[in-house]
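One structure is given here, and the rest of the page talks about it.
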Amino acid sequence: MPERYLKNTLTLPNINDCDPAKIDKFIRYGVEKILSKFPATYDSRYYDVFVASLSAVQNSSPKHVGFIGSHIGPLALAVVVYETIEKNTPESLKYLDTILDKYHSLSLQEDSNELLYGRAGYLYALIFIRKYCKDNEEIMSRIRNDKLKEIIKLIIKDGRDGAKRITDLMTINDNVTKPALMWSWHNSEYIGAIHGVAGIITTILQCGELALPYMDELFQTIEWLIGIVQMDKNYPARIQSTHDDLIQ
Numbered sequence: 001m002p003e004r005y006l007k008n009t010l011t012l013p014n015i016n017d018c019d020p021a022k023i024d025k026f027i028r029y030g031v032e033k034i035l036s037k038f039p040a041t042y043d044s045r046y047y048d049v050f051v052a053s054l055s056a057v058q059n060s061s062p063k064h065v066g067f068i069g070s071h072i073g074p075l076a077l078a079v080v081v082y083e084t085i086e087k088n089t090p091e092s093l094k095y096l097d098t099i100l101d102k103y104h105s106l107s108l109q110e111d112s113n114e115l116l117y118g119r120a121g122y123l124y125a126l127i128f129i130r131k132y133c134k135d136n137e138e139i140m141s142r143i144r145n146d147k148l149k150e151i152i153k154l155i156i157k158d159g160r161d162g163a164k165r166i167t168d169l170m171t172i173n174d175n176v177t178k179p180a181l182m183w184s185w186h187n188s189e190y191i192g193a194i195h196g197v198a199g200i201i202t203t204i205l206q207c208g209e210l211a212l213p214y215m216d217e218l219f220q221t222i223e224w225l226i227g228i229v230q231m232d233k234n235y236p237a238r239i240q241s242t243h244d245d246l247i248q
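Residue numbers are given in UniProt numbering: position 6 of the sequence shown equals residue 6, and the series is strictly consecutive.
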């Protein structure tokens, strides 16, 4: 792998340096990653950040629906933490209802399907809650399969429409399988995990049997992904691009 992919140019804050009173500046871009270890590891420093992040998101207006790039991440973590660690089901249900009341209808109207801000990110939040709270009937009854199916169906529909729209414009080898599904973000068709095909398909596949009706299309698109890997074993960020400055 080229050395340029191995360089870490990020400067990340240490948890000890985070001021919970100013956590609203961080919640959309990273606190979910820190707290995703919460069900397995308890630390009071993380809890202070966690509580402060919830205070910030409760007073905000929903704009996006992704687990990482919106307020859904801290809210989903609240559901899990209060249920699995605090053993406080009423509090857990309160945050779950906040997600469903404020964000579910927004996810149905969302134009974006990618993982960071869009529907796939919302779908991941529901999967995340179901994974850790599967033994709580009240929580599971609020996130039935029908809710996930509704989101998956919309993602697949947009994927089909996107594939039809761009297939004729794509310059690819005739021997390579064309994608059955394709999504765009800001008028560009991304390939990787955060904004692109890889992240969306990976999230849908985590839905298990709910993904079965779409397996042919999903795997055909995966075959297409395999077929466009570049000589250095990386992928371009977008289709119809040769630039691979990001590791995908």
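Idealized CB from N, CA, C, for every residue including glycine.
- Apart from sequence neighbours up to five positions away, the residues of its chain that approach Ile222 with a beta-carbon distance below 8 Å are Ile201, ordered along the chain.
- Within the region 126–153, the runs of alpha helix (DSSP H) that reach at least 4 residues and sit entirely inside it are, in chain order, 137–142.
- Counting along the chain, the unbroken alpha helix (DSSP H) around Gln220 starts and ends at Met215 to Gly227.
- Taking all protein chains in view, the Cβ of Met182 is crowded by 16 or more other Cβ atoms within 10 Å, so the residue is classified as buried.
- Taking all protein chains in view, the Cβ of Asp158 is crowded by 16 or more other Cβ atoms within 10 Å, so the residue is classified as buried.
- Relative to the Cα of His64, the nearest Cα in the group Asp111, Thr167 and Gly162 belongs to Asp111.
- Sorting Glu217, Glu138, His71 and Tyr117 by C-alpha distance to the C-alpha of Ser184 places Tyr117 at the top.
- Here His195 has Glu114, Leu116 and Trp185 as same chain residues with Cβ atoms under 7 Å from its own Cβ, once five neighbours each way along the sequence are excluded.
- The closest CA to that of Gly192, considering only Phe219, Ala180, Leu212 and Val229, is found on Val229.
- With contacts defined by Cβ atoms closer than 7 Å, Thr84 and Tyr132 form a contacting pair.
- In the displayed model, Tyr235 falls within coil according to three-state DSSP, outside both helix and strand.
- Burial is judged here by how many other beta carbons sit within 10 angstroms of a residue's own beta carbon; Ile226 has fewer than 16 and is exposed.
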